[in-house]
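Position one of the sequence shown corresponds to residue 3 (our numbering), numbered consecutively onward.
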Amino acid sequence: PPGDRYTDIIHTKPQQLIFCINEPTLLVCLVPAKDASTFPLRFRDAVAAHLERLGIPAIAIDAESRAMADIKIDRTVNRRVVGCMNEAKEELLYEAENNQYNSLAQLEDFFDEYMYSVNRYRFPRALVLERFARAWASN
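Right under this line is the structure:
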């Protein structure tokens with residue numbers, strides 16, 4: 003989904019992860035923290051795979067991937083999103099410790115239905131679907 007994304011490193015076992023969250027929807031993507039030079043491509047691939055699991059049409063995913071061609075790294079400026087990130091990171095650590103999920107995709111899917119007060123307790127999944135529906139209805 004369009005909008006700024008915020009990231010942080012999470013130290014989990016067996017691998018460290020880059021925790022990525024979309025500002026307007028709070029959609030979470032998880033990318034293994036390895037080889038920083040390939041992060042932009044792996045991040046785009048993770049977002050595309052996540053959007054595909056949500057049922058977003060391929061043409062919209064392709065457009066989103068093209069829009070993510072230029073990734074700029076900067077400081078997080080939205081404190082509300084930082085608060086959501088911290089809450090979600092704690093939950094992620096708990097879930098990782100208890101081996102609840104077998105893949106990063108399953109963990110991402112768990113967070114699709116994780117509610118935050120910032121988005122009025124609406125699921126990130128619903129917000130993503132609404133944003134894409136509005137964007138494609140205007141095209």
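We put the beta carbon where it would ideally sit given N, CA and C, even for glycine. These numbers come from a predicted model, not from an experiment.
Task: 9 Å Cβ cutoff met for Pro34 and Leu19 - done: Yes, Cβ-Cβ distance for Pro34 and Leu19 is below 9 Å.
Task: Proximity winner among Lys36, Ser39, Ala69, Ala38, relative to Val49 (alpha-carbon distances) - done: Looking at the Cα atoms, Ala69 is the closest of the given residues.
- [ ] Would you decide whether Pro126 is buried or exposed? Buried here means 16 or more other CB atoms lie within 10 Å of its CB.
- [x] Buried, by the Cβ-count rule.
Task: Sub-9 Å separation of Thr27 and Arg133 beta-carbons - done: The criterion of a C-beta distance shorter than 9 Å is satisfied by Thr27 and Arg133.
Task: Cβ-based burial, Glu25 [other Cβ within 10 Å; buried from 16] - done: Looking at its Cβ environment, which holds 16 or more other Cβ atoms inside 10 Å, Glu25 is buried.
Open item on the list: Quick check on the burial criterion: 16 or more other C-beta atoms within 10 angstroms. Buried or exposed for Arg77?
Closed with: Exposed: under 16 other Cβ atoms inside 10 Å.
Open item on the list: Taking the beta carbon of His13 as the centre, do at least 16 other beta carbons fall within 10 Å, making it buried, or is it exposed?
Closed with: Result: exposed.
TODO: Going by CA-CA distance only, name the one from Ile11, Cys86, Ile73, Asn100 that's closest to Leu29.
DONE: Selection Ile11, Cys86, Ile73, Asn100 evaluated against Leu29 yields Cys86 as nearest (Cα-Cα).
Task: Best match in Ala139, Leu131, Trp138 for proximity to His52 [C-alpha to C-alpha] - done: It is Leu131 whose Cα lies nearest to the Cα of His52.
Open item on the list: Using a 10 Å radius around the Cβ and a threshold of 16 neighbouring Cβ atoms, would you call Tyr123 buried or exposed?
Closed with: Tyr123 comes out exposed.
Task: Three-state secondary structure (DSSP) of Tyr116 - done: In the structure shown, Tyr116 sits in coil (DSSP, three-state: anything other than H, G, I, E or B).
- [ ] State the start and end residues of the unbroken alpha helix (DSSP H) segment that holds Asp2.
- [x] Outside the displayed span of the chain (3 to 141) sits residue 2, for which this structure offers no information.
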